[in-house]
Structure formats: structure tokens, C-alpha cells
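Visitor:
Residue numbers (our numbering): -1 to 161.
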């Protein structure tokens, strides 16, 4: 099973649990949780899409540097002397210039139209709920938390071997 379908299955399972909880809480809870869930899912998918586009463009342009940990995986049968030399890696400080350079490279994915549109939908959903006097902050936050918690739990279940 692909990672995407596994994640969608976890998202839908989490949403079904929230819908069942909302049925006991009332109609406003259901409206709040579902609007928040859809907004959270849109934001997550937009983030995945923009990051995927960012990485694809960098790979196509050949701007992805070699992995500095490749030397640990290439030859496991090398002499112990090589391993002892690489045991204590040096940590370079990241200064302002390097941080600004990283920001300049990744601002397009951070400010992609998909993400801006998704956050706009979230903003409009909150305004809609406020306008109709149905905003329940607890229910809205429960709906927003379904996607991040489902992502976290899917990673735990995959590591434990549950499918």
C-alpha cells in the first residue's frame, strides 16, 4: 500500500471518530469539526504539494548536494580506522548569511499559491462561523488536530508494523 493511501486512510479514520464524537455533541460541533478538518487537510496537501515542487525543481536543476552521510552506508566492510575518524563529526554553526541563503532558496515553497489559498479558506471558514454565531473554539481545534494527530499516529503504527 502506498504512503499516500495509508495516510488518507488514517485521516478518514480520524475524521470518522470525530464525526461520531460530534454526533453526541450536536450540530454546531459537527459543522465546526468538519470545516476545520477540511481546512487542515487542504493546508497539509498544499504544503506537501509545494514542498514536492520545490524538491523536484532543485533535483532537476542539480542543486541537491551529496548526502554527507553516504559514507556511512557505502561500504560496511571498510577498516575500523575509517570508522573511528568519522565518529566525531564536526558541527558547523549556521550564521545569519547561511540562514538568509536558506530562506531565499525556500521562500517559493513557503509562499506558494496553494498554501496561501488554503490559509485563506481557513480564514474564511472562521469568519463564516463567527458571522453565523456557530463558532465553537474547542470543536474547531479538535477538527484542526485530526490531520496532524493522524499523521503522527500513522508514523507510529508503521514503525510498530501495524498496517
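Heads up, the beta-carbon is just placed ideally off N, CA and C, and yes, glycines get one too.
#1: Quick check on the burial criterion: 16 or more other C-beta atoms within 10 angstroms. Buried or exposed for residue 55?
#2: Using a C-beta cutoff of 9 Å, does residue 59 count as contacting chain C?
#3: Are the CB atoms of residue 51 and residue 116 nearer to each other than 9 Å?
#4: Residue range of the alpha helix (DSSP H) that residue 110 falls in?
#5: Reducing DSSP to helix, strand and coil, say where residue 26 ends up.
#6: Within its chain, find whatever has a CB closer than 6 Å to the CB of residue 127; leave out the 5 residues flanking it on each side and keep chain order.
Guide: This is what the structure gives:
#1: exposed
#2: The structure shown contains no chain C; it holds only a single protein chain.
#3: no
#4: Per DSSP, residue 110 belongs to no alpha helix (DSSP H) and is neither H nor E.
#5: helix
#6: 133
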